[in-house]
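Notes follow the structure.
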Amino acid sequence: MNTLWLHLLLGALFYAHAKAQGHSRSSVQEPVLPTSLSTTTSSPFFATKSNECEGVKCIWKLWVHYETKGCTPEYTNGSCCPTHFKCPRPEDLSPDKCYLFGKAYNLGDGIQYGEDETCGWPDCNCYDFGRSPQFECPQDVGLCWNRKLPSPGCWHKSNPCGGCPDEVCDDSIPHICSWNNKTYEEGQYMSFDGEHACQYCRCNKNFTGPTGEGCSRSKCGMFSGIDVRSDCASVYRDDECCPSESLCDNDPNIQAVPTSSRESGDGGLTCTLGKFTRSVGERLENDDCRINCTCLTPPEFTCVQTNTCLTEKESTTELGPLAP
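Using mature numbering (1 follows the signal peptide of the UniProt record, and there is no 0), the letters of the sequence shown correspond one by one to residues -20 to -1, 1 to 304.
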């Protein structure tokens, strides 16, 4: 099937990912699907658990595939960060529907987003290609970089759905947003470095910062890299906001130890990758030293890929504060 790449990142913010490595890893050129830019990052998925947890940094960057699959974070023993996720079971999903962020789409339906679902891409439709339904879009959907510059005396004004801006030609003066010694006119996309690298904003009159109004955390589509029906694990890279590959149980680098070598703790929670099962805190033995897969937040492994091989200590640090 020659599926068109889904260009859904408004404002031309998307990443080019690595080439496939082996027959059992699917490497994708995964665009970023934003929420309506009228919303903020305080969505139920990314919400802080309580006031006592303010300032606690959880590794949300490594859990965006759970959001794509419609999973919900679960907390035990007073934890500020999720201890595991509750996900739809593949066998409970309809074979003739597409799924995105927990929403089911009938064949022929277009993608909708926003709090009231009034925004969307009607040309991105759910199709059945004979294996499992998935979305397909025109190659130019949501792309704004090929639009002409504003006419003299005019400027681009953002629209409520966060799509391509409209041209305004009157005596009004565009609002100016400033952040980190950079300035943007109203309607322009804003990108950030450091801890806010996966935040995207469109300059608006109410802009206060990367997590305020008009801003959205990267949302990653499941169009090849994250499949709600797949048993494969999402693999993340440091410099990307979305998984770049999938690691499947038939990967020849995985060492053939199907089940955990110890009793599962944390209420019996385990991570599963096809025929492989590990308890919380255990790693999935892998001959590729660049990939570290650890059972941190079941039901899936948390997998991180680096450009070079890491030492045992470095690979633990790579997974952040929840690493065993």
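Just so it is clear, CB atoms sit at the ideal spot from N, CA and C, and this is done for glycine as well.
Owing to the predicted nature of the structure, the values given are computational and were not obtained by experimental measurement.
Is residue i buried or exposed, if buried means 16 or more other CB atoms sit within 10 Å of its CB?
| i | result |
| --- | --- |
| residue -9 | With a pLDDT of 25 at residue -9, under the threshold of 50, the predicted position of this residue should be treated as unreliable, though the coordinate-derived value follows. Classification of residue -9: exposed, given that the 10 Å Cβ count is below 16. |
| residue 213 | buried |
| residue 257 | buried |
| residue 36 | exposed |
| residue 218 | exposed |
| residue 5 | Residue confidence for residue 5 is low, a pLDDT of 40 falling below 50, so the modelled location carries little weight; the figure read from the coordinates is stated next. The residue in question, residue 5, is buried, as its Cβ has 16 or more Cβ neighbours within 10 Å. |
| residue 111 | exposed |
| residue 115 | buried |
| residue 125 | Residue placement at residue 125 is flagged as unreliable, the pLDDT there being 49, under the threshold of 50; the coordinate-derived value follows with that caveat. With fewer than 16 Cβ atoms within 10 Å of its Cβ, residue 125 is classed as exposed. |
| residue 197 | buried |
| residue 185 | exposed |
| residue 307 | An answer regarding residue 307 cannot be provided, because it is not within the stretch -20 to 304 covered by the chain. |
| residue 133 | exposed |
| residue 235 | exposed |
| residue 248 | exposed |
| residue 232 | exposed |
| residue 42 | buried |
| residue 223 | buried |
| residue 259 | buried |
| residue 129 | exposed |
| residue 58 | exposed |
| residue 271 | buried |
| residue 34 | exposed |
What are the boundary residues of the beta strand (DSSP E) that includes residue i?
| i | result |
| --- | --- |
| residue 46 | Counting along the chain, residue 46 falls outside any beta strand (DSSP E), though it belongs to the alpha helix (DSSP H) covering 44 to 48. |
| residue 85 | 83 to 86 |
| residue 156 | 156 to 159 |
| residue 176 | No beta strand (DSSP E) holds residue 176; DSSP gives it neither H nor E. |
| residue 209 | Unbroken run through residue 209: none, as it is neither H nor E. |
| residue 146 | 146 to 148 |
| residue 249 | Where residue 249 is concerned, there is no enclosing beta strand (DSSP E), given that its DSSP letter is neither H nor E. |
| residue 135 | 135 to 137 |
Going by the beta-carbon positions, is the gap between residue i and residue j smaller than 8 Å?
| i | j | result |
| --- | --- | --- |
| residue 265 | residue 284 | no |
| residue 215 | residue 50 | no |
| residue 282 | residue 273 | yes |
| residue 106 | residue 113 | yes |
| residue 288 | residue 65 | no |
| residue 47 | residue 199 | yes |
| residue 187 | residue 178 | no |
| residue 137 | residue 148 | yes |
| residue 108 | residue 80 | no |
| residue 63 | residue 56 | yes |
| residue 145 | residue 172 | no |
| residue 38 | residue 61 | yes |
| residue 254 | residue 211 | yes |
| residue 100 | residue 91 | yes |
What distance in whole Å lies between the Cβ atoms of residue j and residue i, which are believed to be in contact at a cut-off of 8 Å?
| i | j | result |
| --- | --- | --- |
| residue 251 | residue 225 | Going by Cβ atoms, the distance from residue 251 to residue 225 rounds to 18 Å, so no, they are not a contact pair. |
| residue 155 | residue 195 | Not a contact, Cβ separation roughly 15 Å. |
With 8 Å set as the bound, which would you pick, yes or no: does the beta-carbon of residue i sit closer than that to a beta-carbon of chain D?
| i | result |
| --- | --- |
| residue 148 | In the displayed structure, chain D is absent; only one protein chain is listed. |
Entirely within the stretch 53 to 118 and at least 3 residues each: give me those beta strand (DSSP E) ranges in chain order.
List check, beta strand (DSSP E) in window: 64 to 66, 77 to 80, 83 to 86, 90 to 93, 99 to 107, 114 to 116.
Next item on the list: Could I get the ranges of all uninterrupted alpha helix (DSSP H) runs contained in the stretch 254 to 288, with 4 residues as the minimum, in chain order?
Entry: Taken in chain order, the complete alpha helix (DSSP H) segments of 4 or more residues contained in the stretch 254 to 288 number zero; there are none.
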